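2 protein chains.
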Amino acid sequence: MRVSLKDVAAHAGVSIKTVSNVVNNYQHVTPAMRERVQRSIDVLGYRPNLAARHLRKGRTGIIALALPELGNPYFAELAAAVIDAAAEHDYIVLLDHTGGRREQELLVSQGFRARVIDGLILSPIELETDDLRDRAENVPLVLLGEREYDLPYDHIAIDNVAAARAAVRHLTGLGRREVAFIGARRGRSEPAQLRVRGWREELSAAGLPADDGLVAATDGWGHADGAAAMTRILETGRRPDAVFAYNDPMAIGAMRVLHERGLRVPEDIAVVGFDDVVEGRFGAVTLTSVSPDKEAIGRLAVESVLARLGGQAPEPRRVRADHRLVGRESTLGRGAADDGAADDGANV
Amino acid sequence: MRVSLKDVAAHAGVSIKTVSNVVNNYQHVTPAMRERVQRSIDVLGYRPNLAARHLRKGRTGIIALALPELGNPYFAELAAAVIDAAAEHDYIVLLDHTGGRREQELLVSQGFRARVIDGLILSPIELETDDLRDRAENVPLVLLGEREYDLPYDHIAIDNVAAARAAVRHLTGLGRREVAFIGARRGRSEPAQLRVRGWREELSAAGLPADDGLVAATDGWGHADGAAAMTRILETGRRPDAVFAYNDPMAIGAMRVLHERGLRVPEDIAVVGFDDVVEGRFGAVTLTSVSPDKEAIGRLAVESVLARLGGQAPEPRRVRADHRLVGRESTLGRGAADDGAADDGANV
DNA sequence: AGCCGGATATATAACGTTGCAAAACCGGCC
DNA sequence: GGCCGGTTTTGCAACGTTATATATCCGGCT
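Here you go:
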């Protein structure tokens, strides 16, 4: 069976507590004793039982990360960033995905899915303010992403409005006059709201009409949803000269439809995505995209959760991570320098 | 503070064990009693403490899943499958990524990264047989992926040789005579070995030479690696009429290079990938790919781990998940039916 | 009425760890 | 030699749960 403190103590001929002291680097242990105990630990291959430690101390060393979907490479890359950041603090990440469904998000936020965690990082899609309000759970919660809540939780995100404006400004700066938006969320009002707002604001600022006929709502945020939305817009007979998509997969789905219909990107229609996923750099037409600093988001999220751990409750804060616009062929055409920042104003 | 069994017992005026019995759906509890206790549970908002339960039962309800990298959509999708399969059994998944580095894989396999787990599902890249041999750890281990080990652990994978042969057969069946392989692993011998073997075998079977000059080794398995490998092949002056890539991102990276050089896919060079990630269905040229049954792999992995949980040690087994070849434009050209199985012989 | 046996409820002892308080030790000082 | 103060080690209780064994209940049977 597994070896416990008791076994080590017996082997070394000392008390359990002394072994515990050695394991925990307690200050007042003579070097001789430390060595003797350590030897027994090594011989027996002792490893602390985390469940017992947790029961005693009330900490698990685990934080949960709940994301809408891992299939979206943005979230996968974000997950990697969180895992790495957590590892720096000797924390382990329990990953969950909600499918962006309110029901699942609710379960997660109330701690039903994972009940062994010290803290929770959640990227909500459908969750409403009220859903979070009566959250009896007392594990620290940090929110990620575009949704804004008027609640006392930390929130980490880029400045979505500014990022969306930078994307649209990039398009108008290239002379585009009719910019469609793909990916407003169907049914629910909130999500994508900020990016739609940025789109609207920037068009107004440029003296262009923000035409609702150019906003396509979707059910999801995958390639197929982007393709369907693009198709829908084209079938109304409209021919925008630019498309700004809620995220890269949708932009790529839209580009596929344009390609099928013989419309050239960017000559006929320029396309900008959001998230800067790797995939966008290797298509036949590489994709201009807003690039959030995922690494920073992951790091900030972990730090925020851990800061609230000791039961301390620092003032809830809203943190803005950096972003920048990366211009590629889908707006600049063949020969565009990959990875060049396209717009000075994009950084925040 | 948190409410425990004791509090509920006091509130309901019964013993702790009775409450425990209700919580655990113990058979012999009168409906009246059950209701009474349940009411107290609801009133007080009792929720079992998993650490205590774990300490007592020796189970955590957590399994770890260690993958090379989440950025690769195949692994992200696989992770989603595992999480879902685990949820069916009331298990939670702790996700780790190793970067495909031996050192990290070693740490994971020996349980240093996560010590609260009941079982481990590991997809190794660099780990050698000997690394796993002296694994003192006694948590059940299930291996995933292409590497084969002669060790008493369950191993879940598709038939990589057969799958690779099906891919190559598809190409030769279309009249291609010079099929390059992209993605043999540089430096280490093992990984990709099976797919290379399938490539070699099928070419021989077709009476074609398996020319080592057409095998490109790479350091990683991302888009950029595929692009670099493709570039290298072309720069030797060779003009294969088909490319079989180790995975979809590499195939897509290769296609980007072909596109840049003005080579048409599939007219000049046909391309087949591996893993059937969503991304492959939305490029300017959709990608023919070997499609492993990820859902089955996830499910089988979870079931295998859980089967070994009670300390029972069923005979280690090697499980073959299904796969099929999905033909798309990168081999069949414009107008290819998406999602059609291209080759009857592909299923196993 | 007394007894029996199954169904129901309870008391108690673990699981492995750490915090607290007390005990043992030790060198120096009166 | 006894005492003091600090250092080092120890014993014990507690964290919240479940397994085991035991006590209690109750209807039916002799």
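Chains as they are written, first to last, in numbering that gives the first Met the number 0: chain A, 0 to 347; chain B, 0 to 347. Glycine included, each C-beta is placed from N, C-alpha and C at the ideal position. None of the values given here were measured: they were computed from a predicted structure.
> Mind checking A:G57: buried by the 16 CB within 10 Å criterion, or exposed?
Replying inline: For the purposes of this step, residue 57 of chain A is taken as the residue at position 58 of the first sequence. Flag for A:G57 reads exposed.
>> Can you list, in chain order, the residues of its chain with a C-beta nearer than 7 Å to that of A:A295? Leave out the 5 residues immediately preceding and following it.
In response: Indexing the first sequence from 1 puts residue 295 of chain A at position 296. Result list for A:A295: A320 and D321, in chain order.
> So is B:G344 in contact with chain A if we call contact Cβ pairs under 7 Å?
Replying inline: Within the second sequence, the letter at position 345 stands for residue 344 of chain B. Because the pLDDT at B:G344 is just 38, under 50, the model does not fix this residue reliably, and the point stays unresolved.
> What did DSSP end up calling A:G172 once you bin it into helix, strand or coil?
Replying inline: The residue labelled residue 172 of chain A in the question sits at position 173 within the first sequence. Residue state, collapsed to three classes: helix.
> Alpha carbon to alpha carbon, how far is A:G236 from A:L213?
Replying inline: Working through the first sequence from its first residue, we reach residue 236 of chain A at position 237. Working through the first sequence from its first residue, we reach residue 213 of chain A at position 214. Going from the Cα of A:G236 to the Cα of A:L213 covers about 11 Å.
>> Using the three-state DSSP reduction, which class does A:T230 fall into: helix, strand or coil?
In response: In the first sequence, the residue the question calls residue 230 of chain A occupies position 231. Correct three-state label for A:T230: helix.
> chain A beta carbons: is any one of them nearer than 7 Å to that of B:R333?
Replying inline: The sequence position of residue 333 of chain B within the second sequence is 334, counting from 1. By this cut-off, B:R333 is not an interface position.
>> Once the 5 residues before and after B:G339 are set aside, which same chain residues still bring their CB inside 6 Å of it?
In response: Start at 1 with the first residue of the second sequence, and residue 339 of chain B comes out as number 340. In this predicted model, B:G339 has a pLDDT of only 48, less than 50, meaning its place in the structure is not dependable enough to derive any value.
> CA-CA distance, B:A183 and B:R194?
Replying inline: Locating residue 183 of chain B in the second sequence gives position 184, counting from the first residue. Locating residue 194 of chain B in the second sequence gives position 195, counting from the first residue. If I take the Cα positions, the gap works out to 9 Å.
> In this structure, does DSSP put A:L331 in helix, strand or coil?
Replying inline: The residue you call residue 331 of chain A lines up with position 332 of the first sequence. Note: A:L331 maps to helix in three-state DSSP.
> Do the segment 265 to 276 of chain B and the segment 101 to 115 of chain B touch if we need at least three Cβ pairs shorter than 8 Å?
Replying inline: no
> Does DSSP put A:D89 in a helix, in a strand, or in coil?
Replying inline: Stepping through the first sequence from its first residue, residue 89 of chain A is reached at position 90. Under the three-state reduction of DSSP, A:D89 is assigned to coil, being neither helix nor strand.
>> In the DSSP output, which residue or residues are listed as bridge partners for A:S288?
In response: The sequence position of residue 288 of chain A within the first sequence is 289, counting from 1. Partner(s): A:G272 and A:V325.
>> Is there a Cβ of chain B sitting closer than 7 Å to that of A:I232, yes or no?
In response: Here residue 232 of chain A is taken as the residue at index 233 of the first sequence, counted from 1. Not one chain B Cβ lies under 7 Å of A:I232.
>> For the pair the segment 215 to 234 of chain A and the segment 159 to 171 of chain A, tell me if three or more CB-CB distances fall below 8 Å.
In response: no
>> Suppose only complete runs of 3+ residues qualify. What are the beta strand (DSSP E) ranges in the segment 144 to 172 of chain A, listed by chain order?
In response: 153 to 157
> When you compare each of A:L77, A:L69 and A:E314 to B:E76 by their alpha carbons, which one comes out closest?
Replying inline: Position 77 of the second sequence holds residue 76 of chain B. Considering only alpha carbons, the answer is A:L69.
> From B:M249 to B:V7, what distance separates their C-alpha atoms?
Replying inline: The residue given as residue 249 of chain B occupies position 250 in the second sequence. The residue given as residue 7 of chain B occupies position 8 in the second sequence. Taking the straight line joining both Cα atoms gives about 58 Å.
> Does A:G339 have its Cβ less than 7 Å from a Cβ in chain B?
Replying inline: Position 340 of the first sequence, counting from 1, holds the residue named residue 339 of chain A. Note that A:G339 scores 48 on pLDDT, short of 50, meaning its location in the model is unreliable; the coordinates nonetheless yield the value given after this. Judged by the 7 Å Cβ criterion, A:G339 is not in contact with chain B.
>> Using a 10 Å radius around the Cβ and a threshold of 16 neighbouring Cβ atoms, would you call A:R1 buried or exposed?
In response: Taking the first sequence and counting its residues from 1, the one referred to as residue 1 of chain A is at position 2. Flag for A:R1 reads exposed.
> Quick one: is A:E104 buried, meaning 16 or more other Cβ sit within 10 Å of its Cβ, or exposed?
Replying inline: Within the first sequence, residue 104 of chain A is the residue found at index 105, counting from 1. So A:E104 ends up on the buried side.
> For the beta strand (DSSP E) that B:I62 lies in, which residues bound it at each end?
Replying inline: Within the second sequence, the letter at position 63 stands for residue 62 of chain B. Looking at the DSSP string, the run of the beta strand (DSSP E) that includes B:I62 is I61 to L66.
> Hey, quick one: how far does the beta strand (DSSP E) through B:A244 stretch, first residue to last?
Replying inline: Indexing the second sequence from 1 puts residue 244 of chain B at position 245. Counting along the chain, the beta strand (DSSP E) containing B:A244 begins and ends at A241 to A244.
>> As an exercise, report each continuous alpha helix (DSSP H) stretch of at least 4 residues that is fully enclosed by the segment 95 to 141 of chain B, in chain order.
In response: With a minimum length of 4 residues, the continuous alpha helix (DSSP H) runs that stay inside the segment 95 to 141 of chain B are 101 to 108 and 128 to 132.
>> Taking 8 Å as the cut-off, does the segment 119 to 139 of chain A touch the segment 283 to 290 of chain A (at least 3 CB pairs, one atom from each stretch)?
In response: Touching, no.
> What separation, rounded to the nearest whole angstrom, lies between the Cα atoms of B:A166 and B:D83?
Replying inline: Within the second sequence, residue 166 of chain B is the residue found at index 167, counting from 1. Within the second sequence, residue 83 of chain B is the residue found at index 84, counting from 1. For B:A166 and B:D83, the distance between alpha carbons rounds to 30 Å.
> Going along the chain, which residues of its own chain have a beta-carbon closer than 8 Å to the beta-carbon of B:V13, five neighbours each way excluded?
Replying inline: As a position in the second sequence, residue 13 of chain B is number 14, starting the count at 1. Around B:V13: M32, R35 and V36.
>> Tell me which residues of the segment 248 to 261 of chain B have at least one Cβ-Cβ distance to chain A shorter than 8 Å, keeping chain order.
In response: P248, I251, G252, M254, R255 and H258
> When Cβ atoms are compared, which residues of the segment 279 to 308 of chain A fall closer than 9 Å to chain B?
Replying inline: R280, F281, G282, A283, V284 and T285
> Out of curiosity, what's the CA-to-CA distance linking A:R255 and A:R231?
Replying inline: Numbered from 1 along the first sequence, position 256 holds the residue referred to as residue 255 of chain A. Numbered from 1 along the first sequence, position 232 holds the residue referred to as residue 231 of chain A. Approximately 14 Å, taken between the alpha carbons.
>> Between the alpha carbons of B:I116 and B:A156, how many angstroms are there, rounded?
In response: To locate residue 116 of chain B, count along the second sequence from 1; it is residue 117. To locate residue 156 of chain B, count along the second sequence from 1; it is residue 157. Taking the straight line from one Cα to the other gives about 23 Å.
> Mind listing which residues of the segment 215 to 242 of chain B have their C-beta closer than 9 Å to chain A's C-betas, in chain order?
Replying inline: G221, H222, A223, G225 and A226
> Starting from A:R199 and walking both ways along the alpha helix (DSSP H), at which residues does that stretch end?
Replying inline: Walking along the first sequence from the start, residue 199 of chain A turns up at place 200. Q192 to A204 is the extent of the alpha helix (DSSP H) around A:R199.
>> Please list, in chain order, the chain A residues whose beta carbon lies closer than 8 Å to that of B:R114.
In response: Within the second sequence, residue 114 of chain B is the residue found at index 115, counting from 1. Correct list: R46, P47 and L49.
> Per DSSP, A:I181 is paired with what?
Replying inline: Numbered from its first residue, the first sequence carries residue 181 of chain A at position 182. DSSP lists A:A215 and A:A244 as partners of A:I181.
> B:A11 CB to nearest chain A CB: under 7 Å?
Replying inline: Taking the second sequence and counting its residues from 1, one reaches residue 11 of chain B at position 12. Not an interface residue.
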